[in-house]
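*Asks:* Converting from the sequence shown to our numbering requires adding 41 to each position, the first position being numbered 1.
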Amino acid sequence: MRLDVITIFPEYLEPLNVSLVGKARARGVLDVRVHDLRDWTHDKHHTVDDTPYGGGPGMVMKPEPWGEALDSVIASGADDARPVIVVPTPSGKPFTQRLAVELSAQPWLVFTPARYEGIDRRVIEEYGDRCDVREVSIGDYVLAGGEAPVLVMVEAVARLLPGVLGNAASHQDDSFAPGVMADLLEGPVYTKPPEWRGRGIPEVLLSGHHGKIARWRRDEALRRTAANRPDLIERADPAAFDKKDRDI
Ligand code: ADE
């Protein structure tokens, strides 16, 4: 998968060199290219922002550098290749595990993290005519820029790529994973030693009985979801619950 990030703070994306994403790059699973938006400015001060039409506080990112940057990045791809453009913004659609799965199936993503009050709207319209443009929010809070959301989204997408996680099955049990865990939070986990500060581990986990362990895990997931995210249980399809689920 190819990932491009266009930003005025390329150094903000340095964590993409470490840990899981860094290893995926080193192994050639991910081709990550970080670009400095100011490389596509032509004035002495490398200006990327200006005052908003209609007045109001803050500054708006100018369309020209974004247009040149996106044209150049898109032209660097194969002949007819069109990336999915991901625009982080608190006004976007929520970033969910479902969207992470969808994006992980794409061959090429371009992220356009903005600073200030956002990017001139015409840029979104212009590329929306040529590419699939997704405005995405990572949560109901406002950050100073889209770079941290890009780190969040890239990590969520990268760990789903084949060959990135040691155990390919491990993300099937994740909270929110499509399938059995859709709309459920993952329950508690334990490792050795069997006793720590007088605290043991649930007996069933030592039973070796896979059916009972799976049942216990689902019960714990339901319990935790009811406690922490009752909204998820309420919106779930009742047909997805079995009789034992309802007895919890
Ligand atoms: N930029 C600023 N806040 C954001 C958020 N919550 N999600 C995505 N991009 C953002």
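The C-beta atom is built at its ideal place from N, Cα and C for all residues, glycine as well.
Can you give me the C-alpha to C-alpha distance between Val177 and Arg287, rounded to a whole angstrom?
*Replies:* 35 Å
*Asks:* Kindly indicate which three-state DSSP category Thr266 falls into: helix, strand or coil?
*Replies:* helix
*Asks:* Indicate whether Gly133 and Pro124 have their beta-carbon atoms separated by less than 8 Å.
*Replies:* Contact: no.
*Asks:* Within 10 Å of its beta-carbon, does Asp46 have 16 or more other beta-carbons around it, so buried, or fewer, so exposed?
*Replies:* In the sequence under discussion, the amino acid at residue 46 is Val, which differs from the Asp named in the question. Its Cβ being crowded by 16 or more others within 10 Å, Val46 is buried.
*Asks:* Count the other CB atoms within 10 Å of the CB of Val128; is the residue buried (16 or more) or exposed (fewer)?
*Replies:* buried
*Asks:* Can you tell me which of the three DSSP states Asp121 falls into?
*Replies:* coil
*Asks:* Helix, strand or coil, according to DSSP, for Gly133 in the structure here?
*Replies:* Correct three-state label for Gly133: strand.
*Asks:* Is the CB-CB distance between Gly108 and Val191 below 8 Å?
*Replies:* no
*Asks:* What residue range does the alpha helix (DSSP H) around Ile274 cover?
*Replies:* 271–276
*Asks:* With a threshold of 7 Å (Cβ to nearest heavy atom), would Thr130 be considered close to ligand 1?
*Replies:* yes
*Asks:* Between Asp80 and Gln138, what straight-line distance do the alpha-carbon atoms span, to the nearest angstrom?
*Replies:* 34 Å
*Asks:* Which value, in whole angstroms, describes the spacing of the CA atoms of Thr153 and Gly186?
*Replies:* Near 10 Å, if we compare the C-alpha coordinates of Gly186 and Thr153.
*Asks:* Pull up the DSSP beta-bridge partners for Trp81, would you.
*Replies:* According to DSSP, which records beta bridges pairwise, Trp81 is partnered with nothing at all.
*Asks:* Sorry if obvious, but does the Cβ on Tyr53 come closer than 7 Å to a heavy atom of ligand 1?
*Replies:* no
*Asks:* Under the assumption that Val78 contacts Ile49 (Cβ atoms under 8 Å), give the Cβ distance between them as a whole number of angstroms.
*Replies:* The sequence given here has Leu at residue 78, not Val. Confirmed, about 5 Å.
*Asks:* Alpha carbon to alpha carbon, what distance is there between Glu227 and Asp214?
*Replies:* 7 Å
*Asks:* Would you decide whether Thr232 is buried or exposed? Buried here means 16 or more other CB atoms lie within 10 Å of its CB.
*Replies:* By the Cβ neighbour-count rule, Thr232 is exposed, with fewer than 16 other Cβ atoms within 10 Å of its own.
*Asks:* Alpha helix (DSSP H) containing Val183: first to last residue?
*Replies:* First-last for Val183: undefined, no H or E at that position.
*Asks:* Return helix, strand or coil for Arg200, following the three-state DSSP convention.
*Replies:* coil
*Asks:* Consult DSSP for Arg162 and reduce its assignment to one of helix, strand or coil.
*Replies:* Reduced to three states, the DSSP call for Arg162 is helix.
*Asks:* Please state if the CB of Pro131 and the CB of Val198 are separated by a distance shorter than 8 Å.
*Replies:* No, the Cβ-Cβ distance between Val198 and Pro131 is not below 8 Å.
*Asks:* Please identify the residue among Asp161, Pro271, Ala281, Gly249 whose C-alpha is closest to the C-alpha of Pro219.
*Replies:* Ala281
*Asks:* Alpha carbon to alpha carbon, how far is Leu71 from Pro148? Give it in angstroms, no decimals.
*Replies:* 10 Å
*Asks:* Is the Cβ-Cβ distance between Val62 and Glu196 less than 8 Å?
*Replies:* yes
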